[in-house]
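Novice:
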Amino acid sequence: MIWSTTIAVFASSIDTLTLANIVNKPYTELLDIAPRVSFSTIQISEFKKSLEKEKATEKTRLEKEEVALKKEVETLRQQLGKLNKESSRDTKEMKARRQNLHCQILTLERQIKQKNTERGHGLSVIYDNKLAKLELIQQWPVKQKEIEQLLASGNARQRRFGDVEDIGIRKVGEGQEKDIRLGEESLQQLKSTGLMPPEIQDKELVGYLQKLADQVAASSDLKVPVRVFLLDSDEINAFALPGGFLFINRGLIEKASNESELVGVISHELAHVSARHGARLMKKATITGIFYQAAQVAAVVLTGGAAGIGMYYALNYGFFGLGLVLDLTLLGVCRDYEMEADQLGAQYAWHAGYDPKGFITFFDKMASEKGYVRSASFFRTHPAFFDRIVSTFSEISYLPSKDELVMDSRDFHINKEKLIKVAKEERNQKSKISLKKPSPCDE
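Converting from the sequence shown to the numbering used here requires adding 290 to each position, the first position being numbered 1.
Below, the structure is given as structure tokens:
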């Protein structure tokens with residue numbers, strides 16, 4: 291009786307679903323919904339037009355807000371100009387006014403940069419994600435039948451990397467050992483530039499992440515040891531260097547809702563390493579004869595923050611992260627590698643006993659919510675959302691079923707809470723022992 295009531299309620303809720311409801315639902319729910327809903331071509335077309343109109347309106351709003359902020363900055367700079375005409379030397383009162391003006395300008399300039407990122411990149415992420423959900427509703431039922439037919443035919447293992455029972459034995463990324471030296475060199479260079487965020491050295495936190503990474507590595511095609519670094523950056527990202535060097539930002543862990551999401555990201559990154567994407571990308575760049583001037587790198591570093599680090603190391607060392615900024619000549623190659631990493635990452639998470647949908651739920655969360663500035667680089671140069679989602683869900687559908695796949699753990703939440711405290715304590719400690727004069731604008 292309870293089950294039939296649940297079905298009736300579900301069917302009723304499906305009947306009342308609108309396209310506006312659908313594009314705001316998680317991908318995992320849409321897989322169940324897709325076969326049960328039907329919308330006409332005209333309905334889909336009209337809704338797409340409404341999304342484009344909504345996107346244009348939002349873009350205009352952000353442009354106006356950016357212009358208003360720039361006007362505020364100009365007004366403050368004019369006040370600085372007037373202040374400089376009052377006297378050849380600052381009085382105590384003038385110094386305080388100057389400091390206040392400086393702080394206001396710096397705050398506004400940060401806001402301008404955020405608005406620019408939202409307008410130039412974040413809006414596309416949000417609306418591309420919504421369009422992908424529309425396509426999923428239309429096309430997943432057909433794709434699902436294709437998957438079922440291939441499974442029934444006994445030929446599912448003939449797909450690319452379909453030999454999942456042979457993970458660790460099969461030939462994926464032969465020659466990984468050659469990448470260790472490359473990774474070590476790039477790590478030293480990364481540290482010497484001063485661009486890398488500070489490491490969080492807490493043994494328990496790093497040990498927890500190392501344990502997860504080792505667990506995934508043991509269930510992957512990786513032939514090199516993994517070394518994990520926890521970085522004190524609130525950017526929601528992670529990246530891997532060739533040879534098994536894995537970097538996880540504090541912001542990513544804080545944003546993950548459960549352990550399967552974190553494992554999904556780790557699996558994705560280790561897939562890049564095991565498939566030797568970094569080394570292969572570097573070889574492609576050499577073959578195409580692409581050269582990058584220091585000025586180009588500096589420009590990206592200055593405007594892209596941690597994403598700029600990705601640019602620098604993608605070009606010089608085959609760096610691969612969740613998001614990169616690459617020359618268009620390599621964009622197609624990069625997208626192919628991302629699709630491979632999505633597929634292999636899902637396999638590795640599954641083989642390690644985790645719910646392979648974790649990466650998709652994290653991906654969806656980052657793309658769906660506003661406040662995407664800290665996760666902007668997460669999506670740079672990735673394949674089309676729809677292609678990526680369908681490819682990953684297809685792979686998950688092919689994977690043999692397992693009992694009790696892990697979604698979460700108590701350890702994850704304990705370490706997540708500890709991370710917030712430890713990061714704050716480390717920053718306070720560093721500010722006390724630092725010889726650098728603290729900024730008067732620091733709160």
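Backbone N, C-alpha and C define an ideal beta-carbon position, used for all residues, glycine too.
Go to residue 528, then tell me how far its alpha helix (DSSP H) extends in each direction, as first and last residue.
Specialist: In the sequence shown, residue 528 corresponds to position 238, counting from 1. Careful: residue 528 lies outside any alpha helix (DSSP H), inside the beta strand (DSSP E) at 528-531.
Novice: On the three-state DSSP scale, how would you describe residue 694?
Specialist: Along the sequence shown, one-based indexing puts residue 694 at 404. The answer is coil: DSSP assigns residue 694 none of H, G, I, E or B.
Novice: Which residues bound the beta strand (DSSP E) around residue 518?
Specialist: Along the sequence shown, one-based indexing puts residue 518 at 228. Run containing residue 518: 517-521, per the beta strand (DSSP E) assignment.
Novice: Relative to the C-alpha of residue 521, which candidate in 513, 530 and 547 has its C-alpha closest?
Specialist: Against the sequence shown, residue 521 aligns to sequence position 231. Among 513, 530 and 547, the Cα nearest to that of residue 521 is on 530.
Novice: Within this structure, are the beta carbons of residue 652 and residue 525 separated by less than 9 Å?
Specialist: For the purposes of this step, residue 652 is taken as residue 362 along the sequence shown, with counting starting at 1. For the purposes of this step, residue 525 is taken as residue 235 along the sequence shown, with counting starting at 1. Against a cut-off of 9 Å, the Cβ pair of residue 525 and residue 652 comes out as no contact.
Novice: Looking only at C-alpha atoms, which of 693, 397, 381 and 685 sits nearest to residue 731?
Specialist: In the sequence shown, counting from the first residue as 1, residue 731 sits at position 441. Taking only the C-alpha atoms, the option nearest residue 731 is 397.
Novice: Can you tell me which of 420, 365, 688 and 393 puts its alpha carbon nearest to the alpha carbon of residue 442?
Specialist: Locating residue 442 in the sequence shown gives position 152, counting from the first residue. Closest option to residue 442, Cα to Cα, is 688.
Novice: Cutting at 6 Å between CB atoms, please list the residues of its own chain near residue 487, excluding the five before and the five after it.
Specialist: Residue 487 sits at position 197 when you count from the first residue of the sequence shown. By the criterion of a C-beta distance shorter than 6 Å, residue 487 is surrounded in its chain by 521, 522 and 523, once the five residues flanking it on both sides are discounted.
Novice: Among 505, 676, 534 and 385, which has the Cα closest to the Cα of residue 639?
Specialist: Locating residue 639 in the sequence shown gives position 349, where the first residue counts as 1. Minimum Cα distance to residue 639 is reached at 505.
Novice: In the DSSP assignment, what are the bridge partners of residue 538?
Specialist: For the purposes of this step, residue 538 is identified with residue 248 of the sequence shown, where counting begins at 1. BP columns for residue 538 point to 520 and 528.
Novice: Considering only DSSP beta bridges, list what residue 644 is partnered with.
Specialist: Start at 1 with the first residue of the sequence shown, and residue 644 comes out as number 354. Looking at the DSSP assignment, residue 644 forms a beta bridge with 696.
Novice: Closest to residue 355 by CA distance: which of 500, 381 and 401 is it?
Specialist: Counting from one through the sequence shown, the residue named residue 355 turns up at place 65. Of 500, 381 and 401, the residue nearest in Cα terms is 401.
Novice: Roughly how many angstroms lie between the CA atoms of residue 717 and residue 490, to the nearest whole one?
Specialist: Residue mapping note: residue 717 aligns to position 427 of the sequence shown, counting from 1. Residue mapping note: residue 490 aligns to position 200 of the sequence shown, counting from 1. Going by the C-alpha atoms only, they are around 10 Å apart.
Novice: Note down, in chain order, each residue of its chain lying with its Cβ closer than 6 Å to the Cβ of residue 430, except the 5 sequence neighbours on either side.
Specialist: Counted from its first residue, the sequence shown places residue 430 at position 140. Within the same chain, residue 430 has close Cβ partners 324.
Novice: Could you tell me how far apart the beta carbons of residue 561 and residue 497 are, in whole angstroms, since I believe they sit closer than 8 Å?
Specialist: As a first step, residue 561 must be located in the sequence shown, where it is residue number 271. As a first step, residue 497 must be located in the sequence shown, where it is residue number 207. With 8 Å as the limit, residue 561 and residue 497 do not qualify as a contact, their Cβ atoms being about 23 Å apart.
Novice: Between the stretch 387-397 and the stretch 362-377, do at least 3 Cβ pairs fall closer than 8 Å?
Specialist: yes
Novice: Using the DSSP secondary-structure output, state which residues sit across from residue 489 in a beta bridge.
Specialist: Start at 1 with the first residue of the sequence shown, and residue 489 comes out as number 199. Beta-bridge pairing links residue 489 to 521.
Novice: Please list the terminal residues of the continuous alpha helix (DSSP H) segment that includes residue 350.
Specialist: Position 60 of the sequence shown, counted from the first residue, corresponds to residue 350. Its alpha helix (DSSP H) spans residues 331-376.
Novice: Please state whether DSSP places residue 686 in a helix, a strand or coil.
Specialist: Position 396 of the sequence shown, counted from the first residue, corresponds to residue 686. Annotated three-state conformation of residue 686 is helix, per DSSP.
Novice: Closest to residue 319 by C-alpha separation, out of 514, 424, 468 and 439, would be which residue?
Specialist: Numbered from 1 along the sequence shown, position 29 holds the residue referred to as residue 319. Minimum Cα distance to residue 319 is reached at 424.
Novice: Compare the beta carbon distance of residue 642 and residue 564 with 9 Å and say whether it is the shorter of the two.
Specialist: For the purposes of this step, residue 642 is identified with residue 352 of the sequence shown, where counting begins at 1. For the purposes of this step, residue 564 is identified with residue 274 of the sequence shown, where counting begins at 1. No; because the gap between Cβ atoms is not below 9 Å, this pair is not in contact.
Novice: How would you label residue 444, buried or exposed, when you count the other beta carbons within 10 angstroms and need 16 or more for buried?
Specialist: On the sequence shown, residue 444 is found 154 positions in, with the first residue counted as 1. Answer is exposed; the Cβ neighbour count stays below 16.
Novice: Using the Cα positions of residue 309 and residue 654, report the straight-line distance between them to the nearest angstrom.
Specialist: By 1-based counting over the sequence shown, the position of residue 309 is 19. By 1-based counting over the sequence shown, the position of residue 654 is 364. Answer to the nearest angstrom: the Cα atoms are 17 Å apart.
Novice: Is it buried or exposed for residue 481, if we count other Cβ within 10 angstroms and need 16 for buried?
Specialist: In the sequence shown, counting from the first residue as 1, residue 481 sits at position 191. Classification for residue 481: exposed.
Novice: Once the 5 residues before and after residue 646 are set aside, which same chain residues still bring their CB inside 6 Å of it?
Specialist: Counted from its first residue, the sequence shown places residue 646 at position 356. Excluding residues up to 5 positions away in sequence, 636, 639, 640 and 686 lie with their Cβ nearer than 6 Å to the Cβ of residue 646 in the same chain.
Novice: Are there 16 or more other CB atoms within 10 angstroms of the CB of residue 706, so buried, or fewer, so exposed?
Specialist: Counting from one through the sequence shown, the residue named residue 706 turns up at place 416. Looking at its Cβ environment, which holds 16 or more other Cβ atoms inside 10 Å, residue 706 is buried.
Novice: From which residue to which residue does the alpha helix (DSSP H) around residue 265 run?
Specialist: No answer is possible for residue 265: the residues shown for the chain start at 291 and end at 733.
Novice: By a C-beta neighbour count over all protein chains shown, 10 Å radius and 16 as the cutoff for buried, is residue 511 buried or exposed?
Specialist: As a working note, residue 511 is residue 221 in the sequence shown. With 16 or more Cβ atoms within 10 Å of its Cβ, residue 511 is classed as buried.
Novice: What residues in its chain sit with their C-beta under 8 Å from that of residue 715, if we drop five residues either side in the sequence?
Specialist: By 1-based counting over the sequence shown, the position of residue 715 is 425. Here the set comprises nothing.
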